[in-house]
Every structure is written in structure tokens, then in C-alpha cells.
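Enquirer: Residue numbers (the numbering used here): 141 to 466. From the three backbone atoms N, C-alpha and C, an ideal C-beta is built for every residue, glycine too.
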């Protein structure tokens with residue numbers, strides 16, 4: 141099937157729509173480069189939670205589409221120390237006294253390219269360069285490093301490749317974590333599976349205590365479970381040995397018996413799963429390279445997932461979303 145890439149208007153914003161006859165996506169660069177829609181064309185099924193208006197999106201931007209989190213989740217008190225430097229992030233979750241979700245998911249990104257490659261695949265590439273951001277001073281006050289993020293979305297048959305590159309364009313090393321707060325439609329009867337080893341014990345501020353525990357429902361989770369009425373806001377650990385991992389969402393017959401496999405490479409050592417009480421109609425499987433509050437945990441990087449980018453270094457982190465029918 142012939143692929144296409146075009147500029148459109150989505151809820152009043154400039155956006156890019158790309159299609160290959162199997163999957164169609166919409167990206168809004170001004171909204172944190174959020175992929176706000178991913179549709180399975182043969183069945184017409186929308187896979188992501190799509191905002192009804194710009195106003196509803198901005199009420200809870202982390203709960204629509206695929207926000208990019210840099211860094212992901214919470215930093216207790218908005219503070220940590222790394223290589224002798226103290227970092228102070230703004231407290232934007234005042235009820236718990238945390239910083240949450242980083243600097244880029246609400247800010248405009250630059251469209252780099254939207255085109256077909258030599259193989260006929262549709263590619264959309266966007267970039268966030270802190271040095272050229274209108275919010276440069278605000279971000280550098282909290283995270284004083286020249287970082288550049290490049291998000292690349294490639295449609296290849298029934299698979300979407302969703303890759304992000306972290307580039308340290310500065311002169312000092314910096315710690316980093318990346319995550320995707322991906323919000324899938326999850327109707328009653330859908331089954332959700334995730335193959336993980338342990339669960340992080342969380343305190344009342346929703347940050348890990350540093351303890352890993354057994355998952356009481358692990359066997360059911362690995363096989364696939366109906367999340368209706370099951371409230372999740374849990375943080376899971378893939379395992380100490382780096383490995384690819386995946387979440388799977390299987391829809392009931394009413395949604396054409398689709399199965400969505402969301403796979404992350406070995407850089408993503410953790411998954412957070414959130415579903416707003418289990419009756420919201422959505423589920424967020426969130427692959428993270430570091431666990432919540434990682435820089436403040438007195439644990440080895442093999443557990444926390446904390447990584448460092450050296451000056452000039454570029455690190456590529458890869459995920460895929462594959463949709464199958466029947």
C-alpha cells in the first residue's frame with residue numbers, strides 16, 4: 141500500500157499525518173511532539189486516547205497520545221546531587237512535594253523532516269534543542285546542560301518504530317532518564333500483559349522506597365489480565381540483566397480482535413502502568429530508562445537505570461508498536 145505524509149491542522153494546531161495503508165499517525169510538534177493519534181487503517185480502530193479539543197488536551201496533556209518524558213515521573217523534593225552538583229527542579233506536583241515529568245512534553249518541538257524514505261516508508265522527525273527553546277533560561281536554571289532530543293517515527297508495515305536520540309551537545313556529562321507516557325484505549329474486556337520480574341515498593345509520595353518486591357498477580361499479568369476495576373499506578377522492574385521487554389494489549393471482538401505489542405529495547409529497564417482506577421477506558425504502559433526518583437536512590441545503576449551522557453555523546457533508545465488483527 142502506498143504511504144503518504146502531509147501537513148494538516150489538528151484541533152487548531154499544525155500537525156503531520158503519516159500513513160502507509162496499515163497505520164496512520166498524527167504528530168503535533170507544538171504539543172511536545174505528541175503523537176496524538178495512531179489508527180489501524182483496515183479496521184478504522186483508534187488505538188490512542190485522542191483529545192476532543194485543545195482545551196481538554198491542556199487540562200491533562202500527559203494523558204493523551206504519547207508524551208515524551210525527560211526525565212520521567214517524579215523527583216522527590218525536585219532535588220538530587222550528581223557528580224557533586226546539586227540539581228533543583230521546580231515543584232510542579234505540590235500536593236506530594238515532587239517535580240514530575242521533566243521539561244519537554246508541554247513545550248514546542250521543531251519539525252525536522254516529514255517525508256518518504258528510499259524504501260517507501262513514512263518518516264516524521266522532530267527535535268527539541270534546549271539552546272533554541274523559548275524556555276531556554278527556565279530549563280537551564282533547573283538542568284544546566286545543552287541537551288538535544290530527536291524523536292523519529294517510522295511506519296514500516298504494521299509496525300511503528302518510535303526512537304529517541306539523546307545528544308549531549310555540551311561540555312560536561314549529565315545524568316538522564318527518558319520515558320513515554322503512552323495512553324492506549326482500553327475498553328472493558330481488553331486484556332493487558334506485561335512480562336516483568338519485580339515491582340518497586342512506593343511510598344505515599346509515589347516514589348520508590350528502594351525496595352523491590354514480588355508481584356502478587358505476576359502470573360496473571362504475564363498471561364494477560366482484564367484491568368476493569370483493577371486500579372494500577374505501579375512501577376515494575378524488567379530485571380537486572382538488560383533485555384528487551386514488551387507490554388501487550390489485546391482487544392475484544394468489538395474492536396476487531398486487534399493485538400498491540402509495545403516493545404522497548406534494553407535501555408528501558410522499567411515500566412510504570414497507570415489506568416486511573418481501572419474504569420477510565422484507558423491504560424498507560426510507560427517504558428522508562430530510569431525508575432522514578434532514580435538519582436536519589438542509593439542503589440546501583442543496574443537497578444535504577446540511571447545513565448550518563450558524556451560530552452558529545454549520542455544515545456539512541458528504541459521502541460516499537462506493532463498491531464496485528466485476528
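Grouping DSSP H, G and I as helix and E and B as strand, with all else coil, what is residue 212?
Expert: By 1-based counting over the chain shown, the position of residue 212 is 72. Of the three classes helix, strand and coil, the one that applies to residue 212 here is coil, per DSSP.
Enquirer: Do residue 454 and residue 305 have their C-beta atoms closer together than 7 Å?
Expert: Within the chain shown, the letter at position 314 stands for residue 454. Within the chain shown, the letter at position 165 stands for residue 305. In contact: residue 454 and residue 305 (Cβ atoms closer than 7 Å).
Enquirer: With DSSP run on the structure shown, which of helix, strand or coil describes residue 277?
Expert: As a working note, residue 277 is residue 137 in the chain shown. Helix at residue 277.
Enquirer: Measure the C-alpha to C-alpha separation of residue 401 and residue 459 and round it to an integer number of angstroms.
Expert: For this step, residue 401 is matched to residue 261 along the chain shown. For this step, residue 459 is matched to residue 319 along the chain shown. If you take the alpha carbons of residue 401 and residue 459, they lie about 10 Å apart.
Enquirer: DSSP has residue 373 in a bridge; who is on the other side?
Expert: Counting from 1 along the chain shown, the entry for residue 373 is found at position 233. 414, per the DSSP bridge assignment.
Enquirer: From which residue to which residue does the beta strand (DSSP E) around residue 340 run?
Expert: Sequence index remark: in the chain shown, residue 340 carries index 200 (1-based). 338-342 is the span of the beta strand (DSSP E), which, as asked, contains residue 340.
Enquirer: Restricting to runs no shorter than 3 residues, where is the beta strand (DSSP E) found entirely within the stretch 159-227?
Expert: Listed in chain order, the complete beta strand (DSSP E) runs (minimum 3 residues) inside the stretch 159-227 are 163-168, 174-180, 214-216 and 219-222.
Enquirer: May I have the straight-line CA-CA distance separating residue 217 from residue 206, to the nearest angstrom?
Expert: As a position in the chain shown, residue 217 is number 77, starting the count at 1. As a position in the chain shown, residue 206 is number 66, starting the count at 1. Those two C-alpha atoms are separated by around 26 Å.
Enquirer: What would DSSP say about residue 420, mapped onto helix, strand or coil?
Expert: Start at 1 with the first residue of the chain shown, and residue 420 comes out as number 280. Residue 420 falls in the coil class under three-state DSSP.
Enquirer: Would you give the residue range spanned by the alpha helix (DSSP H) that residue 363 belongs to?
Expert: Start at 1 with the first residue of the chain shown, and residue 363 comes out as number 223. Segment 358-363, the alpha helix (DSSP H) holding residue 363.
Enquirer: Classify residue 157 as buried or exposed, calling it buried when 16 or more other Cβ atoms lie within 10 Å of its own Cβ.
Expert: Position 17 of the chain shown, counted from the first residue, corresponds to residue 157. Flag for residue 157 reads buried.
Enquirer: With DSSP run on the structure shown, which of helix, strand or coil describes residue 270?
Expert: Indexing the chain shown from 1 puts residue 270 at position 130. Three-state result, residue 270: helix.
Enquirer: Consult DSSP for residue 368 and reduce its assignment to one of helix, strand or coil.
Expert: As a working mapping, residue 368 is identified with position 228 in the chain shown. Three-state result, residue 368: coil.
Enquirer: Are the CB atoms of residue 162 and residue 176 within a distance shorter than 7 Å?
Expert: The sequence position of residue 176 within the chain shown is 36, counting from 1. The sequence position of residue 162 within the chain shown is 22, counting from 1. In this structure, residue 162 does not lie closer than 7 Å to residue 176 by Cβ.
Enquirer: So which of 307, 243, 396 and 376 has the shortest CA-CA distance to residue 425?
Expert: One-based indexing of the chain shown puts residue 425 at position 285. Answer by Cα proximity: 376.
Enquirer: Residue 341 to residue 248, Cα distance in whole Å?
Expert: One-based indexing of the chain shown puts residue 341 at position 201. One-based indexing of the chain shown puts residue 248 at position 108. Roughly 35 Å separates the two Cα atoms.
Enquirer: Ordered along the chain, which non-local residues of its own chain (more than five positions away) have a Cβ less than 6 Å from that of residue 292?
Expert: Numbered from 1 along the chain shown, position 152 holds the residue referred to as residue 292. Once the five neighbours on either side are set aside, the close Cβ partners of residue 292 are 265 and 303.
Enquirer: Return the residue from the list 446, 347 and 421 that minimises the CA-CA distance to residue 189.
Expert: Taking the chain shown and counting its residues from 1, one reaches residue 189 at position 49. Out of 446, 347 and 421, 421 has the C-alpha closest to the C-alpha of residue 189.
Enquirer: Since I believe residue 406 is in contact with residue 441 (beta carbons under 8 Å), could you give me their beta-carbon distance rounded to a whole number of angstroms?
Expert: If you number the chain shown from 1, residue 441 lands on position 301. If you number the chain shown from 1, residue 406 lands on position 266. Wrong, their Cβ atoms sit about 13 Å apart, outside the cutoff.
Enquirer: Can you name, in chain order, every residue of its own chain whose Cβ lies under 6 Å from the Cβ of residue 355, other than the five neighbours on each side?
Expert: One-based indexing of the chain shown puts residue 355 at position 215. For residue 355, where only same-chain residues beyond five positions count, the Cβ hits under 6 Å are 339.
Enquirer: Would you list the residues sitting across from residue 301 in a DSSP beta bridge?
Expert: One-based indexing of the chain shown puts residue 301 at position 161. For residue 301, which the question treats as bridged, DSSP gives the partners 294 and 460.
Enquirer: Can you check which of these residues, 379, 385, 334 and 395, is closest to residue 367 by C-alpha distance?
Expert: Position 227 of the chain shown, counting from 1, holds the residue named residue 367. Residue 367 has its Cα closest to that of 334, out of 379, 385, 334 and 395.
Enquirer: According to the neighbour-count rule (16 or more other Cβ atoms, all chains shown, within 10 Å of its Cβ), is residue 296 buried or exposed?
Expert: As a working note, residue 296 is residue 156 in the chain shown. Its Cβ being crowded by 16 or more others within 10 Å, residue 296 is buried.
Enquirer: Helix, strand or coil for residue 395, going by three-state DSSP, please let me know.
Expert: As a first step, residue 395 is located in the chain shown; it is residue number 255 there, counting from the start. Three-state DSSP puts residue 395 in a helix.
Enquirer: With C-beta atoms as the reference, is residue 290 less than 7 Å away from residue 301?
Expert: Start at 1 with the first residue of the chain shown, and residue 290 comes out as number 150. Start at 1 with the first residue of the chain shown, and residue 301 comes out as number 161. No, the pair does not count as a contact, with Cβ atoms beyond the cut-off.
Enquirer: Roughly how many angstroms lie between the CA atoms of residue 227 and residue 220, to the nearest whole one?
Expert: As a working mapping, residue 227 is identified with position 87 in the chain shown. As a working mapping, residue 220 is identified with position 80 in the chain shown. Taking the straight line from one Cα to the other gives about 5 Å.
Enquirer: Give the range of the alpha helix (DSSP H) segment to which residue 443 is assigned.
Expert: As a working mapping, residue 443 is identified with position 303 in the chain shown. From DSSP, the alpha helix (DSSP H) with residue 443 extends over 441-444.
Enquirer: Can you find at least 3 beta carbon pairs, one from the stretch 208-217 and one from the stretch 236-248, that sit closer than 8 Å?
Expert: Touching, yes, given that three or more Cβ pairs across the two stretches are closer than 8 Å.
Enquirer: Determine the direct distance from the alpha carbon of residue 202 to that of residue 233, and round the result to whole angstroms.
Expert: Residue 233 sits at position 93 when you count from the first residue of the chain shown. Residue 202 sits at position 62 when you count from the first residue of the chain shown. Taking the straight line joining both Cα atoms gives about 13 Å.
Enquirer: Closest to residue 170 by C-alpha separation, out of 268, 231, 146 and 410, would be which residue?
Expert: Along the chain shown, one-based indexing puts residue 170 at 30. With distances taken between Cα atoms, residue 170 lies closest to 268.
Enquirer: Output the distance between the C-alpha atoms of residue 398 and residue 461, rounded to the nearest integer angstrom.
Expert: Taking the chain shown and counting its residues from 1, the one referred to as residue 398 is at position 258. Taking the chain shown and counting its residues from 1, the one referred to as residue 461 is at position 321. Cα-Cα distance, rounded: 12 Å.
Enquirer: Is the number of C-beta pairs between the stretch 178-195 and the stretch 322-331 that are closer than 8 Å three or more?
Expert: Judged by Cβ distances under 8 Å, the stretch 178-195 makes contact with the stretch 322-331, as three or more pairs qualify.
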